[in-house]
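Colleague:
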Amino acid sequence: MIKTKATGPIPPGYSAIDGELAIGGQKASALVAENGSPLFVYSSSRLDARMAQLRTAMPDALDLHYAMKANPFPPLLRHMVGLADGIDIASGGELRMALDAGAAAEHISFAGPGKRDDELEQAIRAGVTINIESPSECDRALRIGTNLGTTPRLAIRVNPDFDLKGSGMKMGGGAKPFGMDIELVAPTVKRILDAGADWRGFHIFAGSQALSADAIIETQAQTLELAARLATMVGQAPDHVNLGGGFGIPYFPGDEPVDIEMVGNALSEQFERLPDILASTQFAIELGRYLVGEAGVYLTQIVDRKESQGHIFLVTDGGLHHQLAASGNFGTVVRRNYPAAIASRFEEEPSETVSIVGCLCTPLDRLSDNAAMPEAHVGDIVAIFCAGAYGASASPANFLGQGPAKEILVD
Ligand SMILES: *Cc1c(COP(=O)(O)O)cnc(C)c1O
């Protein structure tokens, strides 16, 4: 007997048409017939609902930014530009894409280590806020601004002296390539002000993929406290403070969604008793996967069904070249199953234990291990959920000459 391994929770709200998974009112087989397989399908109405829910939960005064590295697909990005208060970018390439998608320069901020001179120049010309990661990057930005005769808009990215607890990816606390250590912040702000550049404030990002409201609340409180401490050291109020983000989504069995009402209520309370030096500061959070992750589904067709030593393998035309994270090869220690289903038999009960694999000739290419599924055959369609973030753009599409999957935005 093969022991069944659970799959992660399918995000709520997916329904069936004629027994098949439906996305944006279209059934999986129709989406694949029209667009081919493998296919990423993103739902704009799910994006709308997510943002609306978040706005209701968060304080009115808080700006909500989209960190576009989670999903830069141009139609989705255009949609997010319409929904979010700002777009956070992490490269010159993303800057071009954000501007092309209609984002206004004053609503774009640029973070990330290793910004090249040409990227800094592009950002200063465009007039976006640059989150400065080191004193030497600050010097380069100021010099480029002088050469261009343009006043750079510069914020300081801080390496916080704490990290987001339970976070999947730690971005603060200890030695880090991101941001600058606390003692470097005030002298760097002074350089910016002395040079006559526009000092925008602070960017403090402590981690990613946290599901615990308590951990997020604690981090936000520490972030506000740090921002106040830094502003006092600088001797000037920051116009803007980006409090980071880190809201996760449930990927694995037992994961529970973030209680955003609890986070929003706590942040509202904290906003009510801000220290004087932050009284007129505009705050923002920046979220990637939380906004887009659950709005995407990866569809891939079964090309072979085979048995090996009593195990059933469903071999698909997709794989880790589009779904590196679901395969367990993107920052995970123990491989666990993402939410998955046989999309073309969405309403059938599980009747066998199967492993769903990709078409790459490597044992790493697994989409679901020993999962309980209805009996599926060649031509059936597999759905991997939570595919809206870090799927298409964070997977090695050219591995084994496969190439990218098609992406579409539906209702
Ligand atoms: C990656 C990143 C984000 C987005 O992280 P998510 O986990 O997708 O929300 C936000 N801010 C910064 C600075 C990042 O590097």
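Under full-length UniProt numbering, the first residue of the sequence shown is numbered 1, with each subsequent residue one higher. Backbone N, C-alpha and C fix where the C-beta goes; we use that ideal spot for every residue, glycine too.
#1: Can we count glutamate 286 as close to ligand 1, meaning its CB is less than 6 Å from some heavy atom?
#2: Let me check you understand the geometry: is the CB of arginine 200 closer than 6 Å to at least one non-hydrogen atom of ligand 1?
#3: Based on Cα-Cα distance, which residue from Asp88, Glu347 and Ile249 lies nearest to methionine 68?
#4: Evaluate the contact criterion for the region 145–160 versus the region 200–210: three or more CB pairs, one atom per stretch, below 8 Å.
#5: Shorter than 7 Å from the beta carbon of glycine 328 to some beta carbon of chain C?
#6: Alpha carbon to alpha carbon, how far is glycine 93 from threonine 300? Give it in angstroms, no decimals.
#7: Among Ala372, Val378, Val185 and Lys165, which has the Cα closest to the Cα of arginine 229?
#8: Report yes if the CB atom of aspartate 255 is closer than 7 Å to the CB atom of leucine 211, and no otherwise.
#9: Less than 8 Å between the CB atoms is what I'm expecting for valine 263 and alanine 231, so what's the real figure, rounded?
#10: To the nearest angstrom, how far is the alpha carbon of leucine 148 from that of histidine 65?
#11: At the level of alpha carbons, what is the spacing between alanine 61 and isoleucine 10?
#12: Got a sec: does ligand 1 put a non-hydrogen atom nearer than 6 Å to the Cβ of alanine 295?
#13: Measure how close the beta-carbons of alanine 376 and leucine 314 come, nearest whole angstrom, since I'm counting them as under 8 Å.
#14: Locate the beta strand (DSSP E) running through phenylalanine 40, then write down its first and last residues.
#15: What are the partner residues of residue 448, as DSSP defines its beta bridges?
#16: What is the rounded straight-line gap between the Cα of methionine 80 and the Cα of alanine 98?
#17: For tyrosine 390, tell me which candidate among Gln402, Ala326 and Val333 has the shortest Cα-Cα distance.
Modeller: On the basis of the data shown:
#1: For the purposes of this step, residue 286 is identified with residue 286 of the sequence shown, where counting begins at 1. For ligand 1, at least one heavy atom lies less than 6 Å from the Cβ of glutamate 286.
#2: In the sequence shown, counting from the first residue as 1, residue 200 sits at position 200. Set against 6 Å, the gap from the CB of arginine 200 to the closest heavy atom of ligand 1 is not smaller.
#3: For the purposes of this step, residue 68 is taken as residue 68 along the sequence shown, with counting starting at 1. When each option's Cα is compared against that of methionine 68, the closest is Asp88.
#4: yes
#5: Annotation note: the requested chain C is absent from the structure, which comprises a single protein chain.
#6: To locate residue 300, count along the sequence shown from 1; it is residue 300. To locate residue 93, count along the sequence shown from 1; it is residue 93. Distance between the alpha carbons of threonine 300 and glycine 93: 29 Å.
#7: Numbered from its first residue, the sequence shown carries residue 229 at position 229. For arginine 229, the nearest C-alpha among the options comes from Val185.
#8: Taking the sequence shown and counting its residues from 1, one reaches residue 255 at position 255. Taking the sequence shown and counting its residues from 1, one reaches residue 211 at position 211. In this structure, leucine 211 lies closer than 7 Å to aspartate 255 by Cβ.
#9: Within the sequence shown, the letter at position 263 stands for residue 263. Within the sequence shown, the letter at position 231 stands for residue 231. Their Cβ separation, rounded to whole angstroms, is 23 Å, which puts valine 263 and alanine 231 out of contact at 8 Å.
#10: What you label residue 148 is simply residue 148 of the sequence shown in a count that begins at 1. What you label residue 65 is simply residue 65 of the sequence shown in a count that begins at 1. Rounded to the nearest angstrom, the two C-alpha atoms are 28 Å apart.
#11: Along the sequence shown, read from residue 1 onward, the residue named residue 61 stands at position 61. Along the sequence shown, read from residue 1 onward, the residue named residue 10 stands at position 10. In a straight line, the C-alpha of alanine 61 is about 32 Å away from that of isoleucine 10.
#12: Here residue 295 corresponds to residue number 295 of the sequence shown, with the count starting at 1. Closer than 6 Å to some heavy atom of ligand 1: that does not describe the Cβ of alanine 295.
#13: As a first step, residue 376 must be located in the sequence shown, where it is residue number 376. As a first step, residue 314 must be located in the sequence shown, where it is residue number 314. That pair is a contact at about 6 Å.
#14: Numbered from 1 along the sequence shown, position 40 holds the residue referred to as residue 40. Taken as a continuous stretch (DSSP letters only), the beta strand (DSSP E) holding phenylalanine 40 covers 39–43.
#15: Given a span of 1 to 411 for the chain in the structure shown, any question on residue 448 remains unanswerable.
#16: Here residue 80 is taken as the residue at index 80 of the sequence shown, counted from 1. Here residue 98 is taken as the residue at index 98 of the sequence shown, counted from 1. When rounded, the distance between both Cα atoms is 10 Å.
#17: Within the sequence shown, numbered from 1, the residue matching residue 390 stands at position 390. Considering only alpha carbons, the answer is Ala326.
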